[in-house]
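Residue numbers (the working numbering): 310 to 746.
Notes for the one structure printed next.
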Amino acid sequence: MKNNFLGIMPHCTTSSITQKMQLLFSSLFLAGAFALFNSGTAIAEDWPTWLGPRRDCSSLETLKPWSDAPKVLWKLPIGEGHSSPVIHAGKVYLHSRVKDKDEEVLTCFEATSGKQLWATPYKRAAFTSVFGLGPRATPSISDNRIFTFGVTGILSSFNLADGKINWQVDTLSKFKAANLYFGTSCSPLLVDDKIVVEVGGKGASIVAFNQKDGTTAWQTLDDKSSYSSPTLWKDGDKQMILALTQQGLVALDPKDGKSHWKFPLVDRLNESSTTPVRMGNMVLASSVTYGSVALNLNNSEAAPSFKQAWKNGSLNCYFATPVVVGKDHVYIVTGGLLPPPQSDLQCVEIATGKIIWTKKKVGKYHASLVRTADNKILMLEDFGSLVMFEPDASGYKEICRAKVCGHTWAHPAVSEGRVFLRDEKELLCVDLNQSSK
């Protein structure tokens, strides 16, 4: 008996009958697949790192609008932190502060029930901040390991199965770097067998560590670190790390850290926080006082380079990374610091940086964006409302909304039709499959 779907029927004495049966079975299989695609979540995928599996605020899942308030499958109390949850193989991982201690903890939960499976705490240096004492950076998962970057710069490797610590590096101490005012915030980027983070030391602005043992693979630049997390640009078999430091946007070779180019981008408050965003053959970089700039990239193997396409000083992103929809538009949450602080949603033309329309007051400081497979956008406002809207150049078109959690600056994670949310007190799982129209 064959084991592929077109040939699992046993052979009959008449080949024409066999062919007809195979054709019938194939048709039924494809019809079932089509029905599954149109039933809600077409493709289920994990959410293993910052901003999702492609590090670009996108999901391959299709989430239907809800008519009633989305069903909360479970919620449970957690420690402090703005680190986002990550999802892998039916489990949720969360990085938090241990209450009333100079310790952080990585905790693993069952995704369907919220049942705690294991928790591994570790000590850290004392840290104080007006915006909470927990970790900011989101963990990253690779194979059987998960990597965290704590608010005081401790980079850790844990076993996924049981939470055992494989190794730790106190990066700020090792590279003689000062911590940021709001704490280390760079979510680790996994490239090949390396982990890349911003550290901010002299000659060690950006450092790659070997995943296996935490040893240094390479270090580069003298820039001070920012609150931003790097991303990976792929063009065929060529790769390039794009990172936003306090001094600018840099392009690095993942193999050895060689700097290809640097575009000067300095935030007056030293608070560059967004992740660089790919827009076709352009890259978008943003900060809260600088605004946004788009660069056309020439990725020739001999000499990668860039040319500025446009700059718009009014597109001042604080720490919400923009999301691209289609070839023509990018959606950006902007916000200033002048009282009263306010975040607005902007639809922006990719080619020119022109603002097409603005939706006022989608948050105070922040609103997270996730693009779904059918080009809807989920938006989590920082006061706890989950919104779905239709990206449309003609204007803002809200589909549905619901208050789902308390105040939050953590980015949501989407997996198997469920949205995993972290607010200041709880971790929640919201099921959109059971709440759709």
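In this text, a Cβ means the ideal position worked out from N, Cα and C, and glycines have one as well.
Small disclaimer: the values here were computed from a predicted structure and weren't measured.
{"Item": "contact_flag[the segment 405–424, the segment 505–525] where n(CB pairs < 8 Å) is 3 or more", "Value": "no"}
{"Item": "Close Cβ partners of K668 (< 6 Å) along its chain, the five nearest in sequence each way excluded", "Value": "L654, Y705"}
{"Item": "Rounded straight-line distance, which links the Cα of K485 to that of V739", "Value": "42 Å"}
{"Item": "Residues that R454 bridges to, as DSSP identifies them", "Value": "S451, N468"}
{"Item": "DSSP three-state assignment for T480, whether helix, strand or coil", "Value": "helix"}
{"Item": "CA nearest to the CA of F425, picked from T529, Y490, G472", "Value": "Reading off the sequence, residue 425 comes out as Gln, not Phe. Out of T529, Y490, G472, G472 has the C-alpha closest to the C-alpha of Q425."}
{"Item": "Anticipated Cβ contact below 8 Å, A420 with I396, distance rounded", "Value": "6 Å"}
{"Item": "Rounded C-alpha distance that separates F338 from E707", "Value": "Here the model assigns F338 a pLDDT of 37, short of 50, so the residue's position is not dependable, and the following value carries that caveat. Each residue's Cα considered, the two are about 36 Å apart."}
{"Item": "Nearest-angstrom Cα separation, counted from L741 out to K373", "Value": "7 Å"}
{"Item": "One or two residues paired with V789 in a DSSP bridge", "Value": "Outside the modelled stretch of the chain, which goes from 310 to 746, sits residue 789, for which no answer is possible."}
{"Item": "Spatial distance of L689 from A611 (CA atoms)", "Value": "42 Å"}
{"Item": "Selected residue, minimal CA-CA separation from V602, among E580, L574, S582", "Value": "L574"}
{"Item": "Proximity to T437 [Cα-Cα], best of T493, S466, P430", "Value": "T493"}
{"Item": "Short CB-CB distance (under 8 Å) between E699 and chain D", "Value": "Of the chains in the structure shown, none is chain D; there is only one protein chain."}
{"Item": "Sheet register partners of V500 (DSSP bridge)", "Value": "K503"}
{"Item": "Whole-angstrom C-beta distance between L578 and T598, which should lie under 8 Å", "Value": "6 Å"}
{"Item": "Cβ-Cβ distance between P700 and H638 below 8 Å", "Value": "yes"}
{"Item": "Reduced DSSP secondary structure (H/G/I, E/B, other) of Y431", "Value": "strand"}
{"Item": "Same chain only: Cβ atoms within 6 Å of L695, ignoring 5 sequence neighbours per side", "Value": "L689, A711, V713"}
{"Item": "Simplified DSSP assignment, three categories, for K400", "Value": "strand"}
{"Item": "Three-state class that DSSP yields for S614 in the structure shown", "Value": "strand"}
{"Item": "Residue burial classification, G635 (beta-carbon count within 10 angstroms, cutoff 16)", "Value": "exposed"}
{"Item": "Assumed close pair R445, S392 - CB separation to whole angstroms, cut-off 8 Å", "Value": "6 Å"}
{"Item": "Local Cβ density within 10 Å of V439, reported as buried at 16 or more and exposed below that", "Value": "exposed"}
{"Item": "C-beta atoms of S514 and L530 nearer than 8 Å", "Value": "yes"}
{"Item": "Start-end ranges of the beta strand (DSSP E) lying completely within the segment 669–728, minimum 3 residues", "Value": "676–680, 686–690, 694–699, 706–712, 722–724"}
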